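Heads up: the sequence shown at position 132 corresponds to 136 in the working numbering, and the numbers run straight through without jumps.
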Amino acid sequence: MQQFLVEPVQQFAGANTRIKKPTEIAFFSYDNDHKLKPLDNESLRYYYPPFFNVPGHQDSRFPVDLSKGYDSFRQRDDSGDEHLDGLLDTLVEAEKRSGRKTEVDLVTWRGMMTRILTAPYELEDGFEMNATCFQLRLITPCTRYIEENHAYKAASKEAQKARFSRNRGPPQDMAMYWGYKFETLSLLNKPWGETTREEIEGREDEVVDNYAQYCSICRTEIGGASMVIGGEVDGVLGYKPDDPQAPARWVELKTSKQPEHERDRWVLDKKLLKFWAQSFLLNVPTIVIGFRSRDGRLLNIDEISTQQIPSRIQQQGTYKWNGNICINFTGQFLDFLKQTIVGDGVWRIRREAKSAAIEVFKVEEKGTGNILTQNFIDHRNSLLAGEIAAALNSRGPA
């Protein structure tokens, strides 16, 4: 077993780790039945702020009730283990279309990288991930593929439900619904110019569901580690640029209780760590927070620049965290993973709650532990066979 010490966090202060701006290399949609559609914009949605407290608009005297429609919520069962399936199957299609392999050190979901990036300050909750190494090229080292350990995820979900039931706040399912309701109120299925007034003003009565998703797949680098990260993006402001090098226009939507006391501000500043990390990793420039009352009434909206959050926390935050320390830690930890996860088999990346260290150890000596899809394995093996044949042919006859 190998260990990487997270504490003391000040060991990661100092020089800035080199980072490369995330650039989209592929994308996919899950449609209204949650069917995967690689390289398809079908579920891309467009940000347009919701109406509330607007003179002449229905219920303008009251804040919007985020609980409205809860009984008709079309909720997807996410209890299954989806591994990296959507991400990998989309990479296969992108590589077939471009004729080029994606050559990086790591491939994972944004959620896993968020856990790593926030690890210096997220002490209460642990995490477990599975990782495997798989061939990429003839000579250079393999790529590490990292997913969440499904059994740990399921257990954590049950523990979180128990914590919610002990608290005086809303039930967990209702709090989750408020987030999806805010998304429904804030997004359009078509660009604004193609949307009717009735569609815009009727969002409050739409059936809320979480089947459809749009996911961006980006390539980025932190320190000496290159990686591909896939993650859901809530919406785009105006339009999605055709040029992946153009400034991103993504918008991340969040809900949070309106701060009333010092404790509320502390909780919000702690949430901003995760909000910042999630958006930083996919180059999402804008975070829109819908502030609500205790009983789920939407009170106001705040649009925040992702880039400015760390300095805001340093200047006036009640829960102090340092984005530079998070990035420096991530760069060093990813280098550690590159040195530790090599060869065949499956590894576990584990941090127990309140632990000062992250452990990495092998759990399977052979195989990939179902982390990779058979479609992806067959595709990459086919490419490797082609590389070998080309290399042999280049030598000419003996």
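Yeah, the Cβ is synthetic: ideal placement off N, Cα and C, and Gly gets one too. All of these numbers come straight from a predicted model, not from anything done at the bench.
Bridge partners for residue i per DSSP, in chain order?
i: F31; result: S220
i: I362; result: F8
i: A229; result: I226
i: K41; result: S33
i: A131; result: This sequence places Phe at residue 131; Ala is not what is there. Bridge partners of F131: R355.
i: S309; result: T290
i: F138; result: T147
i: N379; result: The partner list for N379 (beta bridge, DSSP) is empty, contrary to what the question assumes.
i: T112; result: I150, I233
i: N304; result: F295
i: V96; result: V96 is not bridged to any residue.
i: D69; result: R301
i: K24; result: E225
i: G239; result: V255
i: E74; result: According to the sequence shown, residue 74 is Tyr rather than Glu. Beta-bridge pairing links Y74 to no other residue.
i: Y51; result: L191
Use the C-beta contact count for residue i: other C-beta atoms within 10 angstroms, 16 or more gives buried, fewer gives exposed.
i: S33; result: buried
i: P251; result: exposed
i: S5; result: Correcting the residue type first, residue 5 is Met in the shown sequence and not Ser. That one is exposed.
i: K358; result: exposed
i: S64; result: Low confidence applies here, because S64 scores a pLDDT of 48, under 50, leaving its location unreliable; read the following figure in that light. So S64 counts as exposed.
i: W325; result: buried
i: G60; result: With a pLDDT of only 47 at G60, under the threshold of 50, the placement of this residue in the model should not be trusted, and no figure is reported.
i: P26; result: buried
i: N397; result: exposed
i: D109; result: buried
i: D177; result: exposed
i: G390; result: exposed
i: L9; result: exposed
i: F365; result: exposed
i: Y50; result: buried
i: Q62; result: Note that Q62 scores 49 on pLDDT, short of 50, meaning its location in the model is unreliable and no value can be drawn from it.
i: K244; result: buried
i: V255; result: buried
i: N287; result: buried
i: S386; result: exposed
i: Q282; result: buried
i: N134; result: buried
i: S76; result: exposed
i: P124; result: buried
i: H383; result: buried
i: A30; result: buried
i: V367; result: exposed
i: V13; result: buried
i: I392; result: exposed
i: V237; result: buried
i: F16; result: buried
i: W196; result: exposed
Roughly how far, in whole angstroms, is the beta-carbon of residue i from the beta-carbon of residue j, given that I think they are within contact range, below 8 Å?
i: L43; j: E97; result: 6 Å
i: L88; j: I381; result: Contact doesn't hold; Cβ gap of about 12 Å is too wide.
i: C330; j: T122; result: 6 Å
i: K274; j: Y323; result: 4 Å
i: V3; j: G73; result: Residue 3 is absent from the model: the chain starts at 5 and stops at 402.
i: L189; j: E208; result: 6 Å
i: G227; j: G335; result: 3 Å
i: F333; j: T310; result: With a Cβ gap of about 19 Å, F333 and T310 do not count as contacting.
i: D35; j: E46; result: 6 Å
i: R352; j: E132; result: 6 Å
i: D377; j: V232; result: It should be noted that the sequence gives Thr, not Asp, for residue 377. Actually they do not touch by this definition, with Cβ atoms about 15 Å apart.
i: F186; j: L303; result: Actually they are not in contact, since the Cβ atoms of F186 and L303 sit about 12 Å apart, beyond 8 Å.
i: P54; j: V68; result: 7 Å
i: R253; j: L241; result: 5 Å
i: Q7; j: E363; result: 6 Å
i: V350; j: G327; result: Contact flag wrong, Cβ pair sits at about 32 Å.
i: Q136; j: I221; result: Looking at the sequence shown, residue 136 is not Gln but Thr. Not really, about 19 Å apart at Cβ, beyond 8 Å.
i: I308; j: I291; result: 5 Å
Distance cutoff 9 Å, beta carbons only. Does residue i sit that close to anything in chain B?
i: G321; result: Although the question refers to chain B, the structure presented lacks it and comprises just one protein chain.
Exercise. Between the stretch 338-345 and the stretch 286-295, do three or more beta carbon pairs fall short of 8 Å?
Worked result: In short, these stretches do not touch, since the Cβ pair count stays below three.
For this session: Report yes or no: do the stretch 100-112 and the stretch 304-322 share at least 3 C-beta pairs separated by less than 8 Å?
Result: Touching, no, given that fewer than three Cβ pairs across the two stretches are closer than 8 Å.
For this session: Determine contact between the stretch 214-232 and the stretch 74-94, defined as no fewer than three beta-carbon pairs at a distance below 8 Å.
Result: Contact holds: three or more Cβ-Cβ distances are below 8 Å.
Exercise. Do the stretch 105-120 and the stretch 149-167 touch if we need at least three Cβ pairs shorter than 8 Å?
Worked result: A contact exists between the stretch 105-120 and the stretch 149-167.
Exercise. Is the stretch 195-205 in contact with the stretch 271-284, if contact means three or more CB pairs nearer than 8 Å?
Worked result: Using a Cβ-Cβ distance cut-off of 8 Å, the stretch 195-205 and the stretch 271-284 are not in contact, since fewer than three pairs of beta carbons, one from each stretch, lie closer than that value.
Problem set entry | 3-residue-minimum beta strand (DSSP E) runs that sit fully inside the stretch 243-295, ordered along the chain | Qualifying beta strand (DSSP E) stretches, in chain order: 254-261.
Exercise. What are the start and end residues of each continuous beta strand (DSSP E) run of 3 or more residues lying completely inside the stretch 140-215, in chain order?
Worked result: If we require 3 residues or more, the beta strand (DSSP E) runs fully inside the stretch 140-215 come out as 147-152.
For this session: Any chance you could list the alpha helix (DSSP H) runs of at least 4 consecutive residues sitting entirely within the stretch 321-373, in chain order?
Result: Qualifying alpha helix (DSSP H) stretches, in chain order: 327-344.
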